[in-house]
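Numbering (the numbering used here), first residue to last: 647 to 998.
Where a beta carbon is used, it is the ideal one built from N, C-alpha and C, also for glycine.
In this text, all values refer to a predicted model and were calculated from it rather than measured experimentally.
Some notes on the structure that comes next.
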């Protein structure tokens, strides 16, 4: 197996693999291979590929996204689903990177991976929406800030109104698919909570009981981005250039992505980790819901349930990540803000 920490070995293996994928190319070379900073999900590297083809010199800036092997946020990853979802959106009005190749086996680079085109743009730190004196959001005027927020919600709506059957998502349209979609998500996070040993256990178990007791058949299911938030969008010149990070994508209720968007917004705001009020021009929760409803063309249903489930999912992920960050004081770990928020929503304060 390739040592994933050895950049020279990775570069050589990648060159050999690309030569097989590009049989008409000559002198395939990989350069400028560097690991992307930050993140707790998939491992990402940027690189330049150059080659000769048809008497011409060609160069592409590319991105490798690998399944994580050292630290895994989730117990299960599906690189095939992630790659195919993004590839299916290539000709839609949802901006995604160009998808090139998928490698399902680990023997090439040490883990399954796919390669996509690098998109010009900037990822906006969610803290920049709050009163932090740095970055393009802080420097923008109120109108521009509001525009970026609205664009973010509108692109979520575009994803959620894609014709899933036309794109080949077979689990849409079958009898019982709506309740099955909700049950799959409940089941996945139930397994994850146990795998990640999320505490307090009494709250986790009581929350699962509540979600199962109050489950319902969603009126509409759709393609869900999964990790729907501005920090997973690329921006350039005031426009969204790409939707990235699809490792949580699934088929689910239309309200799912908005609920997650709002939960992340809460976590980064004055009640959550951010601890700061938003800058002038940023739409509040009520206005965000209105923007999304206008974009999807209907009123939302059972939003309380979906928001509660979003905080629950966020709490499980938060708990998994925080326990594995070096230097976090042990006494901080129980202060899982999303789960505390959930306990307040469901009146489960005695289970904390």
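Nonlocal neighbours in the same chain, by C-beta distance under 6 Å from residue 715, ignoring five residues either side: 757
Quick one: any contact between the stretch 820 to 840 and the stretch 903 to 912, if contact means 3 or more CB pairs under 8 Å? no
If we count the other Cβ atoms within 10 Å of its Cβ and call it buried at 16 or more, is residue 891 buried or exposed? buried
Terminal residues of the continuous alpha helix (DSSP H) containing residue 855? 847 to 859
So residue 925 and residue 791 are in contact, right, with Cβ under 8 Å, and what is the actual spacing, rounded? 6 Å
Looking only at C-alpha atoms, which of 867, 882, 720 sits nearest to residue 900? 867
Tell whether a beta-carbon distance below 8 Å holds between residue 665 and residue 676. no
When we look at the beta-carbon of residue 705 and count the other beta-carbons within 10 Å, is it buried (16 or more) or exposed? exposed
With respect to the beta strand (DSSP E) encompassing residue 707, which residues constitute its N-terminal and C-terminal limits? 702 to 712
Would residue 680 and residue 692 be called neighbours here (beta carbons separated by less than 8 Å)? yes
Can you tell me where the alpha helix (DSSP H) holding residue 830 begins and where it ends? 823 to 841
Rounded to a whole number of angstroms, what is the C-alpha to C-alpha distance between residue 742 and residue 833? 29 Å
I think residue 939 touches residue 949, with their Cβ atoms under 8 Å apart; what is that distance to the nearest whole Å? Actually they are not in contact, since the Cβ atoms of residue 939 and residue 949 sit about 10 Å apart, beyond 8 Å.
Spatial neighbours of residue 937 within its chain, please: CB distance less than 6 Å, with the 5 preceding and 5 following residues excluded, ordered by chain position. 796, 799
Which residues does DSSP pair with residue 694 in a beta bridge? 677, 707
Which listed residue (682, 697, 688) has its alpha carbon closest to that of residue 662: 697
Return the bridge partner residues of residue 689 from the DSSP annotation. 712
Return the residue from the list 884, 885, 726, 840 that minimises the CA-CA distance to residue 720. 840
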